[in-house]
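One structure is given below, encoded as structure tokens.
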Amino acid sequence: MATIKAAILGFGTVGQGIYHILNEKREELKNKLGIELEVAKILVTDASRERVPGTAHLMTTSMEEVLAESGMQVVFEAIVNEEPAYSYLKRAVEHKCHVITANKVMFAKRGLELQDLAKANGVFVGFEATTAGGVPVIKTMKNILLVNDVSRIQGVLNGTCNYILTKMRAEGWSFDTALKEAQSLGYAEADPYNDISGQDAFKKLMILSALAFGEQPDWADVDVIGIDSISASQVREACEKGLRYRHVAEVEKLTNGKIVAKVGPQLVDKEHPLYPVDDVFNAVALETNYIGTLTLVGPGAGMYPTASVMVEDYAEIIGKRAGFVVTI
Ligand code: HSE
């Protein structure tokens, strides 16, 4: 049986999740895909620290070493920030590796470029994990777009914000307590300011905009407001009136072709589809011409939901490459 070698770039919460799932599902993936997958390299900034027992021999700090590994064909990327992630993936693609990324900061800005480069090199880019964690919004939207037009997208795209707002309301926790818990559960970014300032939801919204409309609004024209100014008493008052705070990201293509977007907290009532979306859950409502409105809801952050969709991307890519549909 053929063996494919893979590398994991970045070995934090998501990178470790990929490693665990690939180990747990090794036999099953082998049987379904007819190909064995071996994690041959793990790229980190400090190779002296073994995060997962038994991985010390796989650690490297050198992208050259990753690409020099014979048979390297798949690169999972779970690094934070645009660089060096984009440069690494560019080199991987030019080396004819398929790439699967969870990096929304990089992908919001360089995603279209990376996909063009991948196309030119005959490889695939998986980016389901960049947006809405375990919610399969990218593959669903790609499918919908084969027939439908999407005119508007509205969603709760940051699990940390939703978790904090939920715990402040339902448990009476302070903002700081809820944020600390979101960090310890692996929901928040390395710099949680990206979550609570709305920047994380904004990047995900731009990825959805590029997919739905083939373009993004001018970033400078998008109002991005976080949840950092919402106080415990505001949350309590809203709750007493039967309302809930949700951090909502929305983008729309107007009839004149202009794309407009905004990100910020909104008060929603019981009738609103986002009202019941609590805890770390994300929700994405897609307005389409034939289906009508389709809403997807699920865990928006965390090690396993995010890592699991990256492994799904791998299975889909390998299935496509081999020209067969992966069956369950
Ligand atoms: N920090 C992100 C969130 C992780 O809370 O939604 C998933 O992208």
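FYI, our numbering numbers position 225 of the sequence shown as 233, with every residue one higher than the one before it. Glycine included, each C-beta is placed from N, C-alpha and C at the ideal position. Since this is a predicted model, take the numbers as computed values, not measurements.
At which residues does the beta strand (DSSP E) containing Ser159 begin and terminate?
Val158 to Val164
For the beta strand (DSSP E) containing Lys278, list its first residue and its last residue.
Element bounds for Lys278: n/a, residue is neither H nor E.
Kindly examine ligand 1 and report whether one of its heavy atoms sits closer than 7 Å to the Cβ of Ala93.
No, Cβ of Ala93 sits at least 7 Å from all heavy atoms of ligand 1.
Looking at Ala110 and Val292, is the spacing between their C-beta atoms short of 8 Å?
no
Nearest to Asp277 by alpha carbon, out of Val259, Leu302, Lys249 and Thr296?
Lys249
Shorter than 7 Å, the distance from the beta carbon of Gly250 to the closest heavy atom of ligand 1, or not?
no
Can you tell me the Cα-Cα spacing of Val88 and Ser95, whole angstroms?
13 Å
Return the CA-CA distance between Leu120 and Ala137, expressed in angstroms with no decimal places.
16 Å
Whole beta strand (DSSP E) runs in the region 218-297 with 3 or more residues, listed along the chain?
Secondary structure within the region 218-297: the beta strand (DSSP E) runs of 3 or more consecutive residues, fully enclosed, are 252-261, 267-276 and 289-296 (chain order).
Quick check on Val333: does DSSP put it in helix, strand or coil?
Note that Val333 scores a pLDDT of 44, beneath 50, so its modelled location is shaky and nothing firm can be said.
Check whether the Cβ of Gly265 lies closer than 7 Å to any heavy atom of ligand 1, and answer yes or no.
no
Less than 6 Å between C-beta atoms, sequence neighbours within five positions excluded: which residues of the same chain meet that for Glu295?
Cβ-Cβ distances below 6 Å link Glu295 to Ser159, Arg160 and Thr301 in the same chain, with the five nearest sequence neighbours on each side left out; the list follows chain order.
Lys117 CB to nearest heavy atom of ligand 1 below 7 Å
Outside the cutoff, so no.
Can you tell me which of Ser239, Asn297 and Gly308 puts its alpha carbon nearest to the alpha carbon of Leu173?
Ser239
For Leu30, which residues in the same chain have their Cβ closer than 7 Å to its Cβ, ignoring the five residues on either side in sequence?
Leu45, Val47 and Val319
If I'm right that Cys169 touches His255 with Cβ under 8 Å, what's the distance once you round it to whole angstroms?
4 Å
Mind pulling the beta strand (DSSP E) runs of 3 or more residues that sit fully within the region 138-219?
158-164
Short Cβ contact (8 Å threshold) for Val143 with Gly306
yes
Tell me the DSSP bridge mates of Leu125?
Answer is none; Leu125 lacks a bridge partner.
If we count Cβ pairs, one from each stretch, closer than 8 Å, do we get three or more for the region 32-41 versus the region 59-73?
They do not touch, by the three-pair rule.
Which of helix, strand or coil does DSSP assign to Val101?
helix
Three-state secondary structure (DSSP) at Ala15?
strand
Would you mind stating whether Phe210 and Val232 have Cβ atoms separated by less than 8 Å?
yes
Check whether Lys104 and Asn129 have beta carbons under 8 Å apart
yes
Does the beta-carbon of Thr314, which I'm using as the reference point, lie nearer than 7 Å to any heavy atom of ligand 1?
Yes; taking the cut-off as 7 Å, the Cβ of Thr314 has a heavy atom of ligand 1 nearer than that.
Cβ distance (whole Å) where Tyr201 is taken to contact Tyr171 below 8 Å:
With 8 Å as the limit, Tyr201 and Tyr171 do not qualify as a contact, their Cβ atoms being about 16 Å apart.
Any non-hydrogen atom of ligand 1 within 7 Å of Gly308 CB
yes
Using the rule of at least 16 other Cβ atoms within 10 Å of the residue's Cβ for burial, across every protein chain shown, is Pro313 buried or exposed?
buried
What is the DSSP secondary structure of Glu58, reduced to helix, strand or coil?
Coil.
Gly308 bridges to which residues according to DSSP?
In DSSP, Gly308 forms no bridge with anything.
Can you give the beta carbon distance from Val285 to Ala269, rounded, assuming they're within the 8 Å contact cut?
With a Cβ gap of about 20 Å, Val285 and Ala269 do not count as contacting.
Compute every distance between the C-beta of Lys33 and the non-hydrogen atoms of ligand 1, then say whether any falls below 7 Å.
No, Cβ of Lys33 sits at least 7 Å from all heavy atoms of ligand 1.
Thr335 to Leu41, Cα distance in whole Å?
Here Thr335 scores only 40 on pLDDT, less than 50, and its place in the model should not be relied on; the value that follows carries that caveat. Rounded to whole angstroms, Thr335 to Leu41 spans 9 Å at the Cα level.
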